[in-house]
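Okay, structure first, notes after.
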Amino acid sequence: MNKMIITEARLFLRDPAGPIFAVLLPLALLLGLGSIPGFGEPDPALGGQRVIDTQLPGMMVILSVVTMALTALPATLVAYRENGVLRRMSTTPVSPVRLLVAQVVNNLAVAVVATVLLIVLGHLFLGVAVPRNLLAFTGVFALGTASVLGLGLLVAAVAPSSKVASGIGSLLMFPLLFVAGMWIPRELMPDLIRRIGDFLPLAPFGQAIRDTWAGHAPQPLHLAVMAVTVLATGALAARLFRWE
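Heads up, the sequence shown is in full-length UniProt numbering, so the first residue is 1 and it goes up one at a time.
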């Protein structure tokens with residue numbers, strides 16, 4: 001299994017555009033937007049807190065995870081299917097399931113690297129506090145990342161081609177990011193949109209990240225939605241996934 005992960009990591013890094021984009025884009029947005037004076041001032045609409053403390057770090061973590069899970073992961077797996085890699089692997093002692101695990105591990109590793117860099121550099125250059133409830137933050141990060149990766153695997157299971165997989169991933173990504181508060185803080189959204197977002201995968205992930213970053217406990221509803229998403233997408237992906 002370790003050899004498979006290492007092999008996939010090498011292939012992963014031969015075309016580093018996806019991982020680099022997933023790491024550098026959120027980091028550049030955090031440092032760039034955080035340097036704008038308005039983002040560092042207390043905002044009455046956010047209870048006197050700074051946007052740089054309450055919104056940006058958490059949303060950049062979500063952006064990094066989503067970029068890998070809904071664009072890179074499905075496109076890679078579907079391309080393997082198109083090129084016959086999965087079919088050939090199914091005739092060898094190396095189970096194709098190991099390939100899926102290796103892909104998930106590598107995507108998770110990129111998300112972890114991006115998150116660590118966001119926390120460290122955000123603290124050093126912008127004075128953003130590190131997550132105050134680190135244990136809960138880690139748990140929420142793992143659960144939320146699993147839910148988004150499950151969604152990516154489901155896209156890979158149903159997409160007929162790598163181009164379609166990228167298209168479906170993008171169509172899912174932007175609306176989900178919107179209701180999660182990527183462009184408008186959730187506190188400023190209409191109650192109906194905010195409530196709808198509570199039952200979709202990304203908004204609970206983003207809110208739980210922000211809650212634990214501020215030292216609060218995540219809301220049980222958000223944890224439940226993420227857990228159900230992991231189970232539902234995992235079961236559907238396993239049932240619908242085609243090896244050839």
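Glycine included, every Cβ here is placed at the ideal spot set by N, Cα and C.
Among the options, the one whose alpha carbon lies nearest that of residue i
i	options	result
residue 118	180, 78, 30 and 181	30
residue 42	35, 50 and 36	50
residue 99	230, 114 and 78	78
residue 200	211, 188 and 174	174
residue 75	166, 81, 172 and 27	166
residue 24	136, 189, 186 and 110	110
residue 37	147, 59 and 126	126
residue 187	55, 163 and 80	55
residue 152	112, 67, 83 and 163	67
residue 220	233, 236 and 198	198
residue 184	168, 206, 170 and 163	206
residue 140	88, 230 and 236	230
Supposed contact pair residue j and residue i - C-beta distance, whole angstroms, cut 8 angstroms
i	j	result
residue 144	residue 196	Not really, about 18 angstroms apart at Cβ, beyond 8 angstroms.
residue 202	residue 176	4 angstroms
residue 150	residue 234	5 angstroms
Strand pairing of residue i, partner residues [DSSP]
i	result
residue 191	According to DSSP, residue 191 bridges with nothing at all.
residue 50	42
Cβ neighbours of residue i in the same chain (closer than 6 angstroms, five flanking residues each side left out)
i	result
residue 204	222, 225 and 226
residue 122	30, 57 and 128
residue 65	111, 145 and 148
Simplified DSSP assignment, three categories, for residue i
i	result
residue 82	helix
residue 184	coil
residue 159	coil
residue 75	helix
residue 6	helix
residue 216	coil
residue 200	coil
residue 127	coil
residue 133	coil
residue 55	coil
residue 90	coil
Other residues of its chain near residue i: CB distance less than 7 angstroms, five sequence neighbours each side excluded
i	result
residue 136	212, 217 and 218
Cβ-based neighbour list, residue i, same chain, cut-off 8 angstroms, excluding 5 preceding and 5 following
i	result
residue 5	101, 102, 105 and 106
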